[in-house]
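Residue numbers (UniProt numbering): 1 to 211.
For reference, the structure is listed below as structure tokens.
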């Protein structure tokens with residue numbers, strides 16, 4: 001993301017409809033009795049709390065992490081996976097302002113050497129309350145698209161454990177869930193099929209927003 005675009009977005013993180021979500025992000029950045037951590041801001045160019053579509057990824061990627069306190073969870077981040085998702089989304093009628101992009105684990109996950117790694121079940125469990133806080137602010141949510149198996153696992157844990165969906169939202173009816181493969185270059189198998197599935201999921205999401 002170029003500096004001018006980042007500065008513009010940061011100037012709008014406290015505007016509707018993302019201000020309630022970014023209050024959560026601010027709280028997660030400074031957890032009680034723990035060291036501060038990097039948590040990206042919600043993108044003010046997304047749907048915010050008006051979202052009917054939630055796109056859930058795994059955890060913040062390298063391009064997001066490098067921005068530190070200025071990090072934003074945005075399709076404008078310049079990492080290969082993000083660019084691929086943006087290209088596929090743009091090939092459909094789904095607009096950026098139609099959906100909310102977020103991570104099932106909202107903070108970076110690293111090993112003892114500081115290298116980014118895939119979230120474990122324990123990581124997903126620690127992040128589950130945060131996911132509940134997000135969806136509690138999305139009263140119009142109808143469809144969740146999980147990107148990759150880890151994001152799906154985190155979302156299913158949230159839905160099916162006793163203190164999950166209904167406890168967080170007070171709603172009984174569940175949103176539809178679609179799972180698509182992670183677009184990482186390190187995931188070369190069936191790449192063309194993965195692109196078709198992701199594009200189709202975005203196209204189906206667009207029909208929800210504009211039947």
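Virtual Cβ for every residue (Gly too), placed ideally from N, Cα, C.
- Between residue 56 and residue 180, the C-beta gap is not smaller than 8 angstroms, which leaves the two residues out of contact.
- Between the segment 27-35 and the segment 46-62, the count of Cβ pairs shorter than 8 angstroms is below three; the stretches do not touch.
- Restricted to the segment 87-130, the beta strand (DSSP E) segments that are unbroken, complete and at least 3 residues in length are 99-103, listed in chain order.
- In the three-state reduction of the DSSP assignment, residue 14 falls in the coil class, being assigned neither a helical nor a strand state.
- A direct Cα-Cα distance of roughly 26 angstroms separates residue 86 from residue 23.
- Between the segment 1-15 and the segment 65-81, the count of Cβ pairs shorter than 8 angstroms is three or higher; the stretches touch.
- The residues 79, in chain order, have a CB closer than 6 angstroms to that of residue 61 in the same chain once the five nearest residues on each side in sequence are set aside.
- Per DSSP, the beta-bridge partners of residue 42 are 73.
- For residue 18, same chain residues with a beta-carbon under 6 angstroms away, outside a window of 5 residues either side, are 42, 44 and 48 in chain order.
- Residue 64 counts as buried, since no fewer than 16 other beta carbons sit within 10 angstroms of its beta carbon.
- Counting only residues of its own chain and dropping the five nearest sequence neighbours on each side, residue 148 has a CB closer than 6 angstroms to the CB of 58 and 182.
- Proximity of the segment 84-102 to the segment 196-209 meets the contact definition, three or more beta-carbon pairs being nearer than 8 angstroms.
- In this structure, DSSP gives residue 178 an extended state, which the three-state scheme calls strand.
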